[in-house]
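Taken in order, these protein sequences are the chains called A and B. Residue 1 is where the first sequence starts when you use my numbering, and the numbers rise one by one after that. Residue 250 is where the second sequence starts when you use my numbering, and the numbers rise one by one after that. Where is the CB? At the ideal position from N, CA and C, for every residue including glycine. Scroll down for the structure; my scribbles are underneath it.
There are 2 protein chains.
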Amino acid sequence: MHGSATSSSRSFDAFARLPRQHRAAFEKLARRHLRELAPRRDLTREGDRPSAIRLILDGWACRYKQLPDGRRQIVHILLPGDFCDACHFVAERIDHSVGAITRLAYAEIPAAEIETLITQGSELLRTFWRNEMIEAAIAREWTANVGQRTAYERLAHLFCETFLRLAAIGLAEDASCEWPLTQNDLADATGLTAVHVNRTLQELRREGLIELRGRRLALPDPARLRQVAEFSPLYLHLPAETQHLLAFR
Amino acid sequence: MHGSATSSSRSFDAFARLPRQHRAAFEKLARRHLRELAPRRDLTREGDRPSAIRLILDGWACRYKQLPDGRRQIVHILLPGDFCDACHFVAERIDHSVGAITRLAYAEIPAAEIETLITQGSELLRTFWRNEMIEAAIAREWTANVGQRTAYERLAHLFCETFLRLAAIGLAEDASCEWPLTQNDLADATGLTAVHVNRTLQELRREGLIELRGRRLALPDPARLRQVAEFSPLYLHLPAETQHLLAFR
DNA sequence: CGTACGTTTGACGTCCTTCAAGTTGGGTGG
DNA sequence: CCACCCAACTTGAAGGACGTCAAACGTACG
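Below you can see the structure in the form of structure tokens.
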């Protein structure tokens with residue numbers, strides 16, 4: 001049972017990262033612009049003109065780039081509470097696609113409404129800027145991940161990052177979380193083939209670093225996983241109070 | 250002769266990307282805060298607290314991430330006119346390092362001075378946001394580059410991107426430009442070894458796609474290079490009037 | 001209950017790495 | 001002006017991580 005559109009949305013606040021004075025207004029707007037999307041459908045296609053700001057309320061999505069010859073690279077995983085096209089005011093065209101991994105619930109807030117909020121103070125602009133900064137930071141880490149680490153380390157790193165991000169928004173209990181990504185998705189995210197991902201996952205299992213079946217991931221030994229991955233969470237720029245989660249600090 | 254601190258700074262305007270109403274003020278500030286740095290020195294180290302906004306006036310630098318065991322990944326190349334720590338207001342700690350490739354001339358503008366400018370209008374905030382968005386876009390493209398392309402395509406792509414960025418700021422003539430990166434740097438930027446970079450460069454030369462010696466790069470057949478690299482410049486978000494440069498549109 | 005999708009396995013090939021040894025060339029000092 | 005030096009570049013041989021191809025197996029869902 002992956003994140004159905006309603007099951008997990010109770011446990012966290014998708015608006016928590018917005019400036020305090022805009023939260024209520026934003027939530028009200030969101031309620032008027034709710035949308036849903038089936039798994040494996042595209043939210044955004046490369047070349048689209050941004051026309052609204054979308055906030056993911058429930059489910060997983062991914063940013064990906066597709067080369068002309070079909071090779072696909074997932075470059076970011078979007079989780080509940082993430083903005084998905086916050087570049088409305090600063091880009092003419094979107095340079096990548098966004099695809100739903102699970103069933104998705106999101107709010108699609110028209111540009112004009114955001115514009116109004118922005119005129120009331122620069123906090124929102126800073127929030128979007130900060131969002132963009134964090135995405136850039138994660139993208140840089142992914143470049144390093146794919147460029148420098150072995151398959152084994154690469155997968156370990158992806159598990160660390162995603163698990164910690166989930167934990168930070170309250171979507172992980174004890175040491176386990178949902179895991180809707182297929183081995184194909186993992187391959188596209190790590191620059192490997194599905195076959196090699198499969199063999200490497202088996203190795204991670206054999207070493208007692210992950211348990212993974214039935215769309216669910218557990219991390220029996222987070223400290224060692226983190227060490228294997230050479231994972232350091234600084235680049236996620238998580239709020240201080242979430243830094244202590246599990247062995248991840 | 251790479252970009253010495255003064256040689257090439259005449260030909261372009263480092264402040265061109267700033268909002269019109271702030272350009273003059275910015276330039277004045279910059280003149281009061283000029284700095285230089287020797288090649289191969291670090292401008293910023295991972296973990297630093299951002300304390301000023303730096304604008305590169307002349308020379309090349311790079312953002313890079315270093316794993317605990319020494320492996321290094323260059324994740325972005327910084328050229329004249331680029332901001333180097335525009336994250337002052339949105340990050341507690343910097344999550345990567347910035348190193349000078351050539352001798353560097355830059356302006357280091359204290360945070361407080363920027364803060365003053367920002368209170369005069371939201372244009373500057375949007376500019377920084379847009380900057381961050383473009384860096385994120387480039388970082389995503391690099392992830393795809395390292396994750397999906399072969400060594401041959403990867404290097405071709407890096408040449409396309411960097412050449413076009415240089416051309417867009419007037420630092421490329423006919424079809425050639427400075428090229429201060431060593432084969433070691435290229436290796437760190439592409440996730441390859443220096444040995445394999447060397448062999449792959451020879452192949453690119455043999456195919457008539459690049460000429461590279463004495464810190465200078467020429468692209469005899471940009472259209473074919475672009476095709477080999479599957480390069481599409483959308484993600485650079487260059488102003489429309491630069492899109493036509495050479496065969497790159 | 002069948003079908004489609006995801007996962008697993010095996011054999012084999014290759015792109016890229018590793019290691020180790022030259023060679024070239026720009027810069028510096030005698 | 002030549003000798004020297006060091007970094008950058010080049011070359012070869014051998015090995016390994018990961019890719020490709022093809023088939024079989026498991027499992028969720030209509």
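Euclidean distance between Cα positions of R103/A and A38/A:
5 angstroms
In angstroms, rounded to a whole number, what distance separates the CA positions of P471/B and E241/A?
51 angstroms
First and last residue of the beta strand (DSSP E) that includes P359/B?
L353 to P359
Give the single residue among G59/A, T182/A, E132/A and I101/A whose Cα lies nearest to the Cα of F12/A.
G59/A
Please go through the same chain and pick out, in chain order, the residues whose beta-carbon is closer than 7 angstroms to the beta-carbon of I77/A, but skip the five residues on each side of it.
W60, C62 and T162
Any C-beta of chain A sitting closer than 9 angstroms to the C-beta of E410/B?
no
Which class does F338/B belong to by DSSP, given the choice of helix, strand or coil?
coil
C426/B lies in the beta strand (DSSP E); which residues open and close that run?
S425 to E427
On the DSSP bridge assignment, give the partners of Q73/A in chain order.
K65/A
C-beta neighbour in chain A for S481/B, strict 9 angstroms:
yes
Which residues in the same chain as F231/A place their Cβ atom closer than 6 angstroms to its Cβ, once the five residues preceding and following it in sequence are excluded?
H157 and C160
Supposed contact pair P80/A and I109/A - C-beta distance, whole angstroms, cut 8 angstroms:
About 16 angstroms separates the two Cβ atoms, so there is no contact after all.
Give a yes or no on whether the C-beta atoms belonging to L413/B and L487/B are separated by under 9 angstroms.
yes
Here's the rule I'm using: 16 or more other beta-carbon atoms within 10 Å means buried, otherwise exposed. How should N394/B be labelled?
buried
At which residues does the alpha helix (DSSP H) containing E384/B begin and terminate?
E372 to Q397
Can you tell me which of the three DSSP states D185/A falls into?
helix
Where are the beta strand (DSSP E) runs, 3 residues long or more, that stay fully inside the region 445-469 of chain B, in chain order?
465-467
Chain A residues whose Cβ lies nearer than 7 angstroms to that of F377/B
W129
Tell me the rounded alpha-carbon separation between H493/B and H282/B.
35 angstroms
Per DSSP, cross-strand counterpart(s) of D307/B
A354/B
In whole angstroms, what is the alpha-carbon distance linking T439/B and T119/A?
43 angstroms
From T193/A to D69/A, what distance separates their C-alpha atoms?
16 angstroms
Please report the distance separating the alpha-carbon of H251/B from that of W428/B.
Only weak support is given to the placement of H251/B: the predicted model assigns it a pLDDT of 38, under 50, and the value that follows is read from those uncertain coordinates. H251/B and W428/B: Cα-Cα distance of roughly 7 angstroms.
According to DSSP, simplified to helix, strand and coil, what is T439/B?
helix
How big is the Cα-Cα spacing for D48/A and F15/A?
26 angstroms
Which of helix, strand or coil does DSSP assign to E153/A?
helix
Do the CB positions of F89/A and F128/A come within less than 9 angstroms of each other?
yes
Check L117/A in the structure and name its three-state DSSP category.
helix
Given a cut-off of 9 angstroms, decide if Y313/B and H345/B are closer than it, judged by their beta-carbon atoms.
yes
Within its chain, find whatever has a CB closer than 8 angstroms to the CB of D291/B; leave out the 5 residues flanking it on each side and keep chain order.
S346, V347, G348 and A349
Do you know offhand how far G147/A's Cα is from A24/A's?
42 angstroms
G463/B to L430/B span [Cα, whole Å]:
11 angstroms
Using beta-carbon positions only, say whether A111/A and A52/A come within less than 9 angstroms of one another.
yes
What residue range is occupied by the uninterrupted alpha helix (DSSP H) comprising L29/A?
R20 to R32
Relative to the alpha-carbon of L366/B, which residue among L267/B, A478/B and R475/B has its alpha-carbon at the smallest distance?
L267/B
Under 9 angstroms, Cβ to Cβ, is there at least one residue of chain A near G330/B?
no
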